[in-house]
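In full-length UniProt numbering, the protein residues as written are 1 to 441. Heads up, the thing below is written out as structure tokens.
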């Protein structure tokens, strides 16, 4: 299952370096008589949220007035004592991960897609790593190796020749989301709902056409690469939504589901929701080199975790410069949102305005490359599927390492949700034809 679209990027780690990927969003917190946390407890938590946010780049937390609360569409008024609010941000986790990799490539890193590790061999000072690239083995020697395998962190260590380094026990917890059509009138704010089991469920507007409802916390015993939202998880999320909103929805209204697997450090907690979300680093020296394995972690703190890994490497003897990631724009992040909005209005006439806007807030400053392709060859403005010009598919292949229609539709973009079966099939045929031509070359 492809990665999801909803991730909150905390105000305490603001992302002005990613203006095309991280968007401010107001979250409303309805507090009712039957919920386990009274309004004063939630308000106290939000005050602490303000204090811990550091640089206050987003609005402060607060409480809606009675008039404002009464105007919230569809929210059931029965028993609502207060509606609190706090600022946060929204991002597409798959694109944020991809843009981070592309930024590393632009700075000299060798980034490869579909390039699995098959063997890790300790040598005098470091490791010899074998990867499979285009069906052929390739060896790379490195003094330091970072194992950022997520749910596969321990699987990576099984590739080690000889005795494997020490491991942490991971507990895989599945988080599932459902997507339903956006009801009228449209809602531009998100909701943090307190469920009866003391968990919270988020309702987030998406693409001005849908609502995302999630997430769950259930044990995952299957393949981490293919988690699936169960019927029980779907019904759990629908029940929470219906308890809070005057909007009758059922399983037949769900247009998409997706799941992700959280690789949590197993601390023995019985309830998956109580398992620690903290991360741990495990280091193993090899001569003057070392391997660092990352256990746990999440996208909201990925930059901070990256800095900690670099500090760990420095302590193990790696020669590193000072940290620079706090405000340095990543790939596509050189322009602010206002500049991107202007660029979206100044593209080639052959590119539809809706497409140009989607490009601006998907690719950021890289929209100039897409415009350049169309200006050089206007035929590339031809839409392979509604709203998908051929220039975008070529960009996905040549710049973003997409190899399949699924790569493009689900991971490089989320355009699958905007297309019908015929549109998705058209993109699939384009990739198939390109693969066939490449095979004959």
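C-beta atoms are modelled at their ideal positions from N, C-alpha and C, and glycine is treated no differently. The structure displayed is predicted, hence computed values, not measured ones.
What are the start and end residues of the alpha helix (DSSP H) that includes residue 244? 231-244
Inter-residue spacing [alpha-carbon to alpha-carbon] between residue 336 and residue 77: 39 Å
DSSP on residue 367, reduced to helix/strand/coil? helix
For residue 408, list the residues DSSP reports as bridge partners. Residue 408 is not bridged to any residue.
Could you have a look at residue 446 and say whether DSSP puts it in helix, strand or coil? Lying before the first or after the last residue shown, residue 446 is absent from the chain, which here runs from 1 to 441.
Would you kindly work out how many angstroms separate the C-alpha atoms of residue 262 and residue 122, rounded to a whole number? 29 Å
DSSP puts residue 136 in a beta bridge; with which residues? Note: residue 136 sits in a beta bridge opposite 133.
Outcome for residue 443 when other beta-carbon atoms lying within 10 angstroms are tallied against a minimum of 16: This structure leaves residue 443 out entirely; the chain is present only between 1 and 441.
So what does DSSP say about residue 435, is it helix, strand or coil? Three-state result, residue 435: helix.
Going by the beta-carbon positions, is the gap between residue 210 and residue 249 smaller than 8 Å? Result no, Cβ atoms of residue 210 and residue 249 do not sit closer than 8 Å.
Taking C-alpha atoms, which residue in 353, 358, 264, 400 lies nearest to residue 150? For residue 150, the closest C-alpha among the options 353, 358, 264, 400 is that of 264.
Considering Cα atoms alone, identify which of 119, 382, 219 is closest to residue 355. 382
Tell me, to the nearest whole angstrom, how far the beta carbon of residue 333 is from that of residue 360; I am working on the premise that it is less than 8 Å. With 8 Å as the limit, residue 333 and residue 360 do not qualify as a contact, their Cβ atoms being about 12 Å apart.
Where residue 403 falls: helix, strand or coil (DSSP): coil
Give me the residue from 101, 173, 241, 279 with the minimum Cα distance to residue 183. 241
Would you mind sorting residue 441 into buried or exposed? The rule is 16 or more other CB atoms within 10 Å of its CB. exposed
Cβ-based neighbour list, residue 471, same chain, cut-off 8 Å, excluding 5 preceding and 5 following: This structure gives no information on residue 471, because the portion of the chain shown stretches from 1 to 441.
Rounded distance between the beta-carbons of residue 251 and residue 238, thought under 8 Å: 7 Å
What does residue 250 pair with, by DSSP beta-bridge criteria? Answer by DSSP bridge pairing: none, since residue 250 is not bridged.
Rounded separation between residue 96 and residue 21 - CA only: 7 Å
What does the alpha-carbon distance come out to for the pair residue 181 and residue 83? Taking the straight line joining both Cα atoms gives about 24 Å.
How is the beta strand (DSSP E) around residue 204 delimited, first residue to last? 200-206
Which value, in whole angstroms, describes the spacing of the CA atoms of residue 432 and residue 166? 43 Å
I need the straight-line Cα distance from residue 157 to residue 164, nearest angstrom please. About 6 Å.
Report buried or exposed for residue 270, applying the criterion of at least 16 other Cβ atoms within 10 angstroms of its Cβ. exposed
Could you spell out where the beta strand (DSSP E) holding residue 448 opens and where it closes? What the structure shows of the chain is the stretch from 1 to 441, and residue 448 is not part of that stretch, so it cannot be assessed.
Cα separation between residue 103 and residue 144? 21 Å
Taking buried to mean at least 16 other C-beta atoms within 10 Å of its own C-beta, is residue 389 buried or exposed? buried
Hey, could you find the ends of the beta strand (DSSP E) residue 177 is sitting in? 170-181
As assigned by DSSP and simplified to three states, the class of residue 430: In this structure, residue 430 counts as helix in the three-state DSSP scheme.
With 16 other CB atoms within 10 Å as the buried threshold, where does residue 258 fall? buried
Just grab the DSSP bridge partners of residue 99 for me. Looking at the DSSP assignment, residue 99 forms no beta bridge with any residue, so it has no partner.
Should residue 417 be counted as a contact of the ligand FAD given a C-beta to heavy atom distance under 7 Å? Of the ligands one can find in the structure shown there are none, so the ligand FAD has no counterpart to examine.
Which value, in whole angstroms, describes the spacing of the CA atoms of residue 243 and residue 277? 28 Å
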